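Remarks on the structure that follows.
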Amino acid sequence: MELITDPIVLILDEPTSGLDSFTAEVVIDLLIEQAKKGRTVMSTIHQPSTSMFEKFDKLVLLAEGHLVYQGPASDSTKYFAKIGYECPKLMNPADYYMRLLHVVDRKYPTEEEHEKIEKMVTAYNSIEQDEGDYDNTKLEALQTKHSASPTNFATQFVLLFRRVWINARRDPLAGQLLFIERIMMGVLIDLLCSNLAKNYNSSTTRTQTLFLCAAAVGFYSCQNAAMQFPSETPIFLKESKQTVYSTTSYYLSRSLADLPMQFLPLFCFVLLYIGQSLLMIMMQVNSGYLTFCSLYCK
Numbered sequence: 001m002e003l004i005t006d007p008i009v010l011i012l013d014e015p016t017s018g019l020d021s022f023t024a025e026v027v028i029d030l031l032i033e034q035a036k037k038g039r040t041v042m043s044t045i046h047q048p049s050t051s052m053f054e055k056f057d058k059l060v061l062l063a064e065g066h067l068v069y070q071g072p073a074s075d076s077t078k079y080f081a082k083i084g085y086e087c088p089k090l091m092n093p094a095d096y097y098m099r100l101l102h103v104v105d106r107k108y109p110t111e112e113e114h115e116k117i118e119k120m121v122t123a124y125n126s127i128e129q130d131e132g133d134y135d136n137t138k139l140e141a142l143q144t145k146h147s148a149s150p151t152n153f154a155t156q157f158v159l160l161f162r163r164v165w166i167n168a169r170r171d172p173l174a175g176q177l178l179f180i181e182r183i184m185m186g187v188l189i190d191l192l193c194s195n196l197a198k199n200y201n202s203s204t205t206r207t208q209t210l211f212l213c214a215a216a217v218g219f220y221s222c223q224n225a226a227m228q229f230p231s232e233t234p235i236f237l238k239e240s241k242q243t244v245y246s247t248t249s250y251y252l253s254r255s256l257a258d259l260p261m262q263f264l265p266l267f268c269f270v271l272l273y274i275g276q277s278l279l280m281i282m283m284q285v286n287s288g289y290l291t292f293c294s295l296y297c298k
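Residue numbers (full-length UniProt numbering): 1 to 298.
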């Protein structure tokens, strides 16, 4: 959801952890697509495969809090071979770097580990000093181009509406139970209000039936919101504090996504309206009212 604000920098913490190799590569490919759109994507990575490692543009390696390499990932093996640490040809560079930079006991490193880390830190610092100062022109241009203003209302509404529908499709049982509940309630009210008399004395009963139908429709609308919003409150509060979207866009997208379910009780009550001859009575009332108006106008 953070992508709604169109950030210029994405920072991720081990996005592939717990995933199989295929799904992990899919995640990396998605991050590459974001990088091609002009975003800066920074991420820690957990045990990347060789094919995943080859997709990295830049690589940053730290050892005991010190920077030992920062640059193109494809040039990292050449760099370490140059300072005396050549990666075996048939070994994953990521695995080799983990073994190379690993310290068994950080509180009490061995003399060999200390000398190895110090050598790599010194070698990188000497190269970094030779490169000179960085050019901040591009960074300032990006900061000017990307303001803190959020995305427009239409984008927020479309993405939120799409998320609601995706969540609904992932839980079809809830939708089926809701559908059955609405149908059963309509049938129950139809049975309770069946066999109404067609005379003047039954007018109060018919009025009460219409009121019950209207109240049930309103109750269903409130019930759906009361059941859904508490479960989404933590997500809504988190994302609204980050100005990911406005409250209006969230409310409208949620209401519109729930609209199809609101037609179910209406359909049931239309059947009730026709079945209990309420339609004919209303047509007679309307025709009589129109006749009265026409005579009055004359």
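No residue lacks a Cβ here, since even glycine has one placed at the ideal position from N, Cα and C.
Predicted, not measured: the structure shown is a model, and the values here were computed from it.
- Around the Cβ of lysine 238, a 10 Å sphere holds fewer than 16 other Cβ atoms; the residue is exposed.
- A straight-line Cα-Cα distance of about 7 Å links alanine 168 and glycine 175.
- When Glu86, Glu25, Pro260 and Asn92 are compared, the shortest CA-CA separation from proline 15 is found for Glu25.
- Phenylalanine 153 and serine 255 do not touch by the CB rule: their CB atoms are close to 15 Å apart, not below 8 Å.
- Ranking Glu113, Leu159 and Asp13 by CA distance to the CA of valine 244 puts Leu159 first.
- For the stretch 80-104, the continuous alpha helix (DSSP H) assignments of 4+ residues that do not extend past its boundaries occur at 93-101, in sequence order.
- Taking the Cα positions, leucine 59 is about 20 Å away from lysine 116.
- Taking every protein chain shown into account, the CB of arginine 182 has 16 or more other CB atoms within 10 angstroms, so this residue is buried.
- Secondary-structure assignment with DSSP links leucine 67 through a beta bridge to Leu62.
- The count of Cβ pairs closer than 8 Å, one atom from the stretch 85-98 and one from the stretch 28-43, stays below three, leaving the stretches out of contact.
- Measuring C-alpha to C-alpha distances from methionine 120 to each of Ile83, Val27 and Asp57 identifies Ile83 as the nearest.
- Judged by DSSP in its simplified three-state form, proline 260 adopts helix.
- Exclusion of the five residues before and after threonine 110 leaves Val104 as the residues of its chain whose Cβ lies within less than 8 Å of its Cβ.
- Apart from sequence neighbours up to five positions away, the residues of its chain that approach glutamine 70 with a beta-carbon distance below 7 Å are Val60, ordered along the chain.
- Residue environment for valine 187: exposed (fewer than 16 other C-beta atoms within 10 angstroms of its C-beta).
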